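S.K.: Residue numbers (full-length UniProt numbering): 1 to 51. Ideal Cβ positions, reconstructed from N, Cα and C, are used throughout, including at glycine. Note that the structure is a prediction, hence the values are computed from the model and not measured.
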Amino acid sequence: EDVILQNEAPTDFYVLVTGAAELIVTRNGVEHTVGEANKGELCGEIGVLCY
1 EDVILQNEAP
11 TDFYVLVTGA
21 AELIVTRNGV
31 EHTVGEANKG
41 ELCGEIGVLC
51 Y
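#1: Over the uninterrupted alpha helix (DSSP H) stretch that includes L23, give me the two end residues.
#2: Can you give the Cα-Cα distance for T11 and V48, rounded to whole angstroms?
#3: Put A15 into one of helix, strand or coil per three-state DSSP.
#4: Who pairs with A37 in a beta bridge, going by DSSP?
#5: Residues in its own chain within less than 8 Å of E31 by CB, not counting five upstream and five downstream?
Right under this line is the structure:
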């Protein structure tokens, strides 16, 4: 399930309580995994603060 989409203004940030989430970017129509967020990490906080 997509949580935060590339090139869209975020409205929420997330704290991973359990599990992990892949960080994927799309370049020239091809998805590339660039990292992973793990338990206890935040996702999307910079986007929420900047928009």
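M.R.: For this structure:
#1: Start at 1 with the first residue of the sequence shown, and residue 23 comes out as number 23. From DSSP, L23 is part of no alpha helix (DSSP H) but of the beta strand (DSSP E) over 20-27.
#2: Here residue 11 refers to the residue found at position 11 of the sequence shown. Here residue 48 refers to the residue found at position 48 of the sequence shown. T11 and V48: Cα-Cα distance of roughly 6 Å.
#3: Looking up residue 15 in the sequence shown gives position 15. The residue you asked about is not Ala; residue 15 is Val in the sequence shown. Strand at V15.
#4: Counted from its first residue, the sequence shown places residue 37 at position 37. Answer is A21.
#5: In the sequence shown, counting from the first residue as 1, residue 31 sits at position 31. Closer than 8 Å at Cβ, skipping near neighbours: I24, V25.
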